[in-house]
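J.: Residue numbers (the working numbering): 7 to 259.
Written as structure tokens, this is what we have:
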């Protein structure tokens, strides 16, 4: 009895998505055929133009009420694939039914950050009422958590934006355009000694003094010109109230 050696190929894969493909290719003149493994590791949904708010309790109720799949009757791989496909559709339909878009004029806030904000504000109010330093320390700790979580959410959002950048629909150009735009640096107004604070004020004062000069109040011609100019803007007095009799007694308090 002739026994031939067998080779077992092991592949350790983590966090992969279904479906996957494994192919053994008999292309080499060897007992060990090359193996090609195709796995899907990342799947990102396209970025929505508006934020979505999901009522997860309603999502759970919708999923429970619409789940009419009988997994006991599954006997073949084809039936399993069909059941998985139907279950995935049930999940998507339940999420769509329990979700609504946030209007553009409202700012979307992560639920965890909203909860931490409420706890921090409550701790601050309790500190203002009781002056207990423990509430003040609790508010400080919650504020640090909010800052760290906000930075993490912004980084994840930017990473997701980088993953979804493609060259097919013009998103790549819109993404790199702000980085390629050149901004001109406007230098400060400095005087001869290049001191920005004092020389800038003196430079502006000198410029205003050259542009605007005070009227010469000792010149009769200038006084007449100013008086005629002011009287030219005054409307003529069309109403005369000389017919109103003066009061008989002075109005004193």
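All C-beta atoms in this analysis are idealised placements derived from N, C-alpha and C, irrespective of residue type, glycine included.
If you're wondering where the values come from, they're calculated on a predicted model, not measured in any experiment.
Is the beta carbon of residue 99 sitting closer than 9 Å to the one on residue 71?
T.: By 1-based counting over the chain shown, the position of residue 99 is 93. By 1-based counting over the chain shown, the position of residue 71 is 65. For residue 99 and residue 71, no; Cβs fall outside 9 Å.
J.: Relative to the alpha-carbon of residue 145, which residue among 162, 30 and 121 has its alpha-carbon at the smallest distance?
T.: Here residue 145 refers to the residue found at position 139 when the chain shown is read from its first residue. Considering only alpha carbons, the answer is 121.
J.: Three Cβ pairs or more, each shorter than 8 Å: is that satisfied between the segment 37–47 and the segment 13–24?
T.: In short, these stretches touch, since the Cβ pair count reaches three.
J.: At which residue ranges does the segment 125–188 contain complete alpha helix (DSSP H) runs of 4 or more residues, listed in the order of the chain?
T.: Counting whole runs of 4 or more residues, the segment 125–188 contains the alpha helix (DSSP H) stretches 139–169 and 177–186.
J.: Could you say which of 224, 102 and 91 lies nearest to residue 64 if we only look at CA atoms?
T.: To locate residue 64, count along the chain shown from 1; it is residue 58. With distances taken between Cα atoms, residue 64 lies closest to 102.
J.: Give the secondary structure of residue 234 by DSSP, where H, G and I count as helix, E and B as strand, and everything else as coil.
T.: Counted from its first residue, the chain shown places residue 234 at position 228. Helix, per DSSP.
J.: Once you ignore the five residues that flank residue 75 on each side, which residues in its own chain have a CB closer than 7 Å to its CB?
T.: In the chain shown, counting from the first residue as 1, residue 75 sits at position 69. Counting only Cβ-Cβ distances below 7 Å, and skipping sequence neighbours, we find 89, 92 and 93.
J.: From the DSSP output, in three-state form, read off residue 101 for me.
T.: Counting from 1 along the chain shown, the entry for residue 101 is found at position 95. Three-state DSSP puts residue 101 in a helix.
J.: Spatial neighbours of residue 96 within its chain, please: CB distance less than 7 Å, with the 5 preceding and 5 following residues excluded, ordered by chain position.
T.: Here the question's residue 96 lines up with position 90 in the chain shown. Closer than 7 Å at Cβ, skipping near neighbours: 69, 72 and 73.
J.: Can you tell me which of the three DSSP states residue 25 falls into?
T.: Within the chain shown, residue 25 is the residue found at index 19, counting from 1. Looking at residue 25 - three-state DSSP - the assignment turns out to be strand.
J.: Secondary structure at residue 259, three-state DSSP: helix, strand or coil?
T.: For the purposes of this step, residue 259 is identified with residue 253 of the chain shown, where counting begins at 1. With a pLDDT of only 48 at residue 259, under the threshold of 50, the placement of this residue in the model should not be trusted; the figure read from the coordinates follows. Looking at residue 259 - three-state DSSP - the assignment turns out to be coil, as it is neither helix nor strand.
J.: Is residue 228 helix, strand or coil when you go by DSSP?
T.: What you label residue 228 is simply residue 222 of the chain shown in a count that begins at 1. Three-state DSSP puts residue 228 in a helix.
J.: Would you mind giving the Cβ-Cβ distance between residue 171 and residue 185, rounded to the nearest angstrom? I have them listed as a contact below 8 Å.
T.: Within the chain shown, residue 171 is the residue found at index 165, counting from 1. Within the chain shown, residue 185 is the residue found at index 179, counting from 1. That pair is no contact at about 12 Å.
J.: Give me, in chain order, the residues of the same chain whose beta-carbon lies closer than 7 Å to that of residue 130; leave out the 5 immediate sequence neighbours on both sides.
T.: Indexing the chain shown from 1 puts residue 130 at position 124. Excluding residues within five positions, the ones whose Cβ falls inside 7 Å are 145.
J.: Taking only the alpha-carbon atoms, compute the straight-line gap between residue 13 and residue 26 and give it to the nearest angstrom.
T.: Residue mapping note: residue 13 aligns to position 7 of the chain shown, counting from 1. Residue mapping note: residue 26 aligns to position 20 of the chain shown, counting from 1. Answer to the nearest angstrom: the Cα atoms are 22 Å apart.
J.: According to DSSP, residue 44 sits in a beta bridge with which residue or residues?
T.: The residue labelled residue 44 in the question sits at position 38 within the chain shown. Answer is 27, bridged to residue 44.
J.: Could you check the C-alpha separation between residue 215 and residue 158 for me, to the nearest Å?
T.: In the chain shown, counting from the first residue as 1, residue 215 sits at position 209. In the chain shown, counting from the first residue as 1, residue 158 sits at position 152. Answer to the nearest angstrom: the Cα atoms are 54 Å apart.
J.: What is the C-beta distance between residue 153 and residue 119, in whole angstroms, given that I count them as a contact (C-beta under 8 Å)?
T.: Translated into positions along the chain shown, residue 153 becomes position 147. Translated into positions along the chain shown, residue 119 becomes position 113. About 10 Å separates the two Cβ atoms, so there is no contact after all.
J.: For the beta strand (DSSP E) containing residue 60, list its first residue and its last residue.
T.: Translated into positions along the chain shown, residue 60 becomes position 54. Segment 58–60, the beta strand (DSSP E) holding residue 60.
J.: Do residue 31 and residue 39 have their beta-carbon atoms positioned less than 9 Å apart in this structure?
T.: In the chain shown, the residue the question calls residue 39 occupies position 33. In the chain shown, the residue the question calls residue 31 occupies position 25. Closer than 9 Å, so yes.
J.: Between 23, 105 and 85, which lies nearest to residue 62 when the distance is taken from Cα to Cα?
T.: Position 56 of the chain shown holds residue 62. Here the closest residue by C-alpha is 105.
J.: In whole angstroms, what is the alpha-carbon distance linking residue 147 and residue 167?
T.: Taking the first residue of the chain shown as 1, we reach residue 147 at position 141. Taking the first residue of the chain shown as 1, we reach residue 167 at position 161. Their backbone Cα atoms lie some 30 Å apart in a straight line.
J.: Name the DSSP bridge partner or partners of residue 107?
T.: The residue you call residue 107 lines up with position 101 of the chain shown. The partner list for residue 107 (beta bridge, DSSP) reads 58.
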